[in-house]
Amino acid sequence: MLGLVEEISGVVVLALCAHLQRFQYLITRVLITFCLCTGIMMRICMQVSSDWEELPEPLQADVMNALAKETDDKAGQEALANAWRAAEAVEQFSGVLESLRMELDDMTGQTGENVRPLPEEVQDALRAAYTRYSNYLDAFGPDETYLRKKVETELGRHMIFIKMRVSGLDAEWGKVTLLGTSGLSGSYIEQRS
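Residues in the sequence shown are numbered from 3 upward in steps of one, following the working numbering.
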């Protein structure tokens, strides 16, 4: 199917994007402004709709082919490359957060029977995880809102799991969201106003 993307019309691409992922309105609205090639637009939509915790090999091969292909749509290729770099970073950081969650589970026991104050190195790891999460979200520009929301959703899930296991976290952990609604740009609420 992905090999035929170049032959699919823009209307069909937008319709497929609508079915493939949760942020379809925001993504297509943003992509229409700078993507000339419907194939690149489709690949970005497919990438954003996939789970970034474990990136599938066929998706990686397709993205690398699209990036290697000669095209006039340099802005679209750059957007695809940025989305791919974000996905790879999320995949790696998800593993770190999952390891931290498993460490917390091992420390407290199956039912929480070993609850005690956290060692200093675990507290430092929690602070470092939150700082990295926050810095990463702040690194996205205003034209990358769709990527920020995707990253916030993917990493927010792991951050929430950690947050549920630890009491007494700093107030800044209250900013961690699962739904990716910290920036409502492009959301239903903004469109209604």
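The beta-carbon is built from N, C-alpha and C at its ideal position, and this holds for glycine as well.
Take residue i as the anchor and find which of the options has the nearest alpha-carbon.
{"i": "Leu120", "options": "Thr133, Arg103, Arg134 and Ser136", "result": "Arg103"}
{"i": "Gln125", "options": "Tyr138, Thr113, Arg87 and Glu105", "result": "Glu105"}
{"i": "Tyr138", "options": "Gly78, Glu80 and Glu90", "result": "Glu90"}
{"i": "Ala81", "options": "Ser169, Ala173, Glu174 and Phe142", "result": "Phe142"}
{"i": "Gln62", "options": "Ala83, Glu72 and Lys76", "result": "Ala83"}
Out of curiosity, what's the CA-to-CA distance linking residue i and residue j?
{"i": "Val50", "j": "Ala131", "result": "23 Å"}
{"i": "Ser136", "j": "Arg167", "result": "20 Å"}
{"i": "Gly176", "j": "Glu100", "result": "19 Å"}
{"i": "Asp74", "j": "Asp145", "result": "20 Å"}
{"i": "Ala70", "j": "Met43", "result": "15 Å"}
{"i": "Gln79", "j": "Met66", "result": "10 Å"}
{"i": "Lys152", "j": "Ser169", "result": "27 Å"}
{"i": "Glu174", "j": "Thr133", "result": "10 Å"}
{"i": "Gly114", "j": "Glu123", "result": "20 Å"}
Looking at residue j and residue i, is the spacing between their C-beta atoms short of 8 Å?
{"i": "Ala85", "j": "Leu149", "result": "yes"}
{"i": "Val98", "j": "Trp54", "result": "no"}
{"i": "Ser157", "j": "Lys165", "result": "Note on identity: in this sequence residue 157 is Leu, with Ser being the wrong assignment. No, the pair does not count as a contact, with Cβ atoms beyond the cut-off."}
{"i": "Arg45", "j": "Asp64", "result": "yes"}
Once the 5 residues before and after residue i are set aside, which same chain residues still bring their CB inside 6 Å of it?
{"i": "Asp140", "result": "none"}
{"i": "Thr110", "result": "Asn116 and Val117"}
Among the residues of its own chain, which have a CB less than 7 Å from the CB of residue i, if the five just before and after it don't count?
{"i": "Pro58", "result": "Ser52"}
Closest Cβ-Cβ distance between residue i and chain C: below 8 Å?
{"i": "Pro121", "result": "The structure shown has no chain C; it contains just one protein chain."}
How would you write the range of the alpha helix (DSSP H) that residue i sits in, first residue to last?
{"i": "Ser101", "result": "Lys76 to Thr110"}
{"i": "Phe142", "result": "Unbroken run through Phe142: none, as it is neither H nor E."}
{"i": "Ala63", "result": "Glu59 to Ala70"}
Please work out which residues of its chain come closer than 8 Å, Cβ to Cβ, to residue i, disregarding the five sequence neighbours upstream and downstream, and give them in chain order.
{"i": "Ser96", "result": "Trp54, Glu55, Glu156, Leu157 and His160"}
{"i": "Asp107", "result": "Arg167"}
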